[in-house]
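Comments concern the structure below.
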Amino acid sequence: MKARIRNAVLALTAISTAVALAACGAGGESDSAEGDAPMIGVLLPDVTTARWETRDKPLLDREIKELCGDCAIEQTNAKGDVAMQQEQMNSMITKGVDAILLVAVDARSLAASVRKAVEAGIPVIAYDRLAEGPISGYASFDGEEVGRLQGQALLKAMGDEVPGAQIVMMNGDPSDPNAVLFKRGALAVLTGKVKIGKSYDTLQWRTEAAHLNMSGAIAALGVDNIQGVYAANDGLAAGSIAALKANKVDPVPPVTGQDAELRAVQRIVDGEQYMTVYKPFEPEAAAGAAMAVAAARGESLDRVARDEVTTRDGRRVPAVMLTPVSVTVSNIKDTLVKDGVYTIRQICTPQLAAACTSAGLT
């Protein structure tokens, strides 16, 4: 697993170097040679999921600047509002940016905005989520594999309880193509092995909605009749766990997650959450930045993208698809700490001192 992450980083470093050299050698063909620095718009989707502002935003800024020192970067966050992101797309078009890196709040609703940008000569790179419309490229992780990892971990955690076990599925926002893939991957593993007592789709991935839905599931199924919880990300895991504890469910059944948020990692150490899925942020940001810079420079994405994906309208577009990693208490040190995502000190607060010692973190 560590080798996969290391190889991904090395490969993307080589790709990024190639893009930088190509940009430097573009000569009179680049905008910067004419006195205008290339401008790249970066559109993030929300502030509900911590990663966008705390991890992706600074990493994308750094990676773009390393590849293209004279590039101007316009970063916005739609705060979960589709209309706001549509306005932000219009603003980027009006400003005449040279490329857009887009994490769509709602893939279908943003399709017209993507089309408008492309008609204005602005290539759009979908980042993390596969946007609809005539995108030029895509950088993300294998969404179905994320779901499979979650499902496999949940079955392992339930162990002997799997035959006849009943679970609750707390899925993500159905307008997010990734949520659809996560659910599909999880169901491929779970179907026929557990009973799905309740299944919810959670608009805007809201933690409070997961809390409300889990309370409803407990009321419908009974306190003692939930042996596991599939939560599509760490925010939904947090809401589900809070509802389980508030309803005196003890012990809390295994709960999955995703995004490796710090609070989720601490819950894993404390035994409240069973696992999360770590999607190494640096390789993803490096891939997204390399594609955006190449697009802004008018370069082919083929030198950056080694894969392809099929869009909703059947087109094949260049893509960089990375491998997600399952994280439980047993491999926190060898994944998140090893990669520098968090330090032991950040994870192991005084309240978690004993748990961290038991987990081998201190």
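Sequence positions in the sequence shown follow mature numbering (1 follows the signal peptide of the UniProt record, and there is no 0) and run -22 to -1, 1 to 340.
We put the CB at the ideal spot given by N, CA and C, even for glycine.
Contact set for residue i: own chain, Cβ-Cβ below 7 Å, skip 5 residues either direction
i	result
leucine 181	Asp151 and Ala187
lysine 223	Val230
Proximal residues to residue i (C-beta, below 6 Å), its chain only, five neighbours per side dropped
i	result
lysine 173	Gln144
asparagine 191	Tyr178
alanine 82	Leu88, Arg107 and Ala109
methionine 17	Ala50, Val75 and Asp76
Coil, strand or helix - residue i by DSSP
i	result
asparagine 55	strand
glutamate 79	A quick correction: the sequence has leucine, not glutamate, at residue 79. DSSP places leucine 79 in strand when its eight states are reduced to three.
glycine 175	strand
leucine 234	At residue 234 the sequence reads threonine, which differs from the leucine that was named. Coil, per DSSP.
methionine 147	strand
threonine 254	strand
arginine 294	strand
valine 303	strand
isoleucine 219	helix
alanine 135	helix
glutamate 110	coil
threonine 27	coil
threonine 288	strand
valine 207	strand
threonine 313	helix
alanine 224	helix
alanine 85	coil
alanine 166	helix
glycine 115	strand
alanine 242	helix
Residue i: CB within 7 Å of a non-hydrogen atom of the ligand FMN
i	result
glutamate 139	The ligand FMN is not among the ligands present in this structure, which contains no ligands whatsoever.
Delimiting residues of the alpha helix (DSSP H) encompassing residue i
i	result
glutamate 262	259 to 274
threonine 185	185 to 199
threonine 72	60 to 73
proline 36	35 to 45
threonine 335	331 to 336
isoleucine 103	Note, isoleucine 103: premise wrong, no alpha helix (DSSP H); beta strand (DSSP E) at 102 to 105.
serine 91	89 to 97
Run of the beta strand (DSSP E) containing residue i, from where it starts to where it stops
i	result
isoleucine 18	17 to 22
isoleucine 325	Looking at the DSSP string, isoleucine 325 is not in any beta strand (DSSP E); the run it does join, the alpha helix (DSSP H), is 322 to 325.
Outcome for residue i when other beta-carbon atoms lying within 10 angstroms are tallied against a minimum of 16
i	result
glutamine 66	buried
aspartate 48	exposed
serine 118	buried
glycine 235	buried
arginine 107	buried
glycine 111	buried
glycine 249	exposed
Own chain, CB closer than 8 Å to residue i, minus 5 neighbours either side, in chain order
i	result
threonine 340	Ile322, Cys326, Ala331 and Cys334
lysine 57	Asp24 and Val25
Below 8 Å, can you find three or more Cβ-Cβ pairs linking the segment 301 to 317 to the segment 231 to 246? yes
Count the CB pairs spanning the segment 126 to 140 and the segment 191 to 200 that are closer than 8 Å, and state whether there are at least three. no
Can at least three beta-carbon pairs, one atom from the segment 261 to 275 and one from the segment 26 to 46, be found at a separation below 8 Å? yes
Taking three-plus beta-carbon pairs below 8 Å as touching, is the segment 207 to 223 in contact with the segment 152 to 164? yes
Between the segment 253 to 271 and the segment 29 to 44, do at least 3 Cβ pairs fall closer than 8 Å? yes
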